[in-house]
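Numbering (this note's numbering), first residue to last: 1270 to 1493. Heads up, the beta-carbon is just placed ideally off N, CA and C, and yes, glycines get one too.
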């Protein structure tokens, strides 16, 4: 494990099933930095909405929940799955939810030594000053195949075609929302994992981070 560099914040963004979560966890272990899957925060809000019997599109109810929910009250296993993922994508498009979660995420990123965060607006909104920014992507078909395998491993039934349709719908929603749309930061490095194994993607990600750690600020915008 590499020594934890002072103040190293690594922002990992990308669409659903692109591999960003796996890479972010591996980068966290490699650099000895704390890791936050920010998507889980939105899943917590969605889970709380469903458990309270609210319409998942009720922005007022979501805004109330986001102001008071306890992150420690959720079992991560209950936050996984296709239904919660789709519901989380809906609440994530609500400005009140996004603004309500910004400070939680920034506090995590501000820890001594730095942190690794993955999501959809880390490099653009949450940590725009992050030294290393990756935008991890893959084709919709590859991402659907990965998600299909993941769901099958958990015993959930879903067809490839339905998962692919879900992914395309989520991409459109995440990219088209008015508040913090999914997009690569101007100074992010694009990492397409479509044809890469996990180990190959990790090696590429580490190389990107190491280059960013040593690069002069004026060089960063030219590396994308």
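In DSSP terms, what residue i is bridged to
{"i": "residue 1406", "result": "1461"}
{"i": "residue 1280", "result": "1386, 1402"}
Option nearest residue i by Cα separation, candidates the options
{"i": "residue 1476", "options": "1458, 1316, 1464", "result": "1458"}
{"i": "residue 1317", "options": "1338, 1329, 1305", "result": "1338"}
{"i": "residue 1361", "options": "1454, 1444, 1461, 1460", "result": "1444"}
{"i": "residue 1370", "options": "1448, 1478, 1419, 1355", "result": "1448"}
{"i": "residue 1395", "options": "1368, 1407, 1417", "result": "1368"}
{"i": "residue 1463", "options": "1393, 1276, 1424, 1413", "result": "1413"}
{"i": "residue 1434", "options": "1424, 1411, 1446", "result": "1411"}
Residue range of the unbroken alpha helix (DSSP H) whose run includes residue i
{"i": "residue 1374", "result": "1364-1378"}
{"i": "residue 1259", "result": "Any question about residue 1259 goes unanswered here, given that the chain covers just 1270 to 1493."}
{"i": "residue 1355", "result": "1351-1361"}
| task | Spell out a yes or no on whether the region 1335-1349 and the region 1305-1320 are touching, meaning 3 or more CB-CB pairs, one atom from each, closer than 8 Å. | result | yes
| said: Using a Cβ distance threshold of 8 Å, determine whether the region 1273-1287 contacts the region 1401-1419, with at least three qualifying pairs required. | reply: yes
| Are three or more beta carbon pairs between the region 1373-1389 and the region 1283-1300 nearer than 8 Å? | yes
| the region 1322-1329 in contact with the region 1438-1452 per 3-pair CB rule at 8 Å | no
| request: Mind listing, in chain order, the continuous beta strand (DSSP E) runs of no fewer than 3 residues lying wholly within the region 1286-1335? | output: 1304-1306
| request: Identify every run of the beta strand (DSSP E) within the region 1419-1483, keeping only runs that are complete inside it and at least 3 residues long; order them along the chain. | output: 1458-1461
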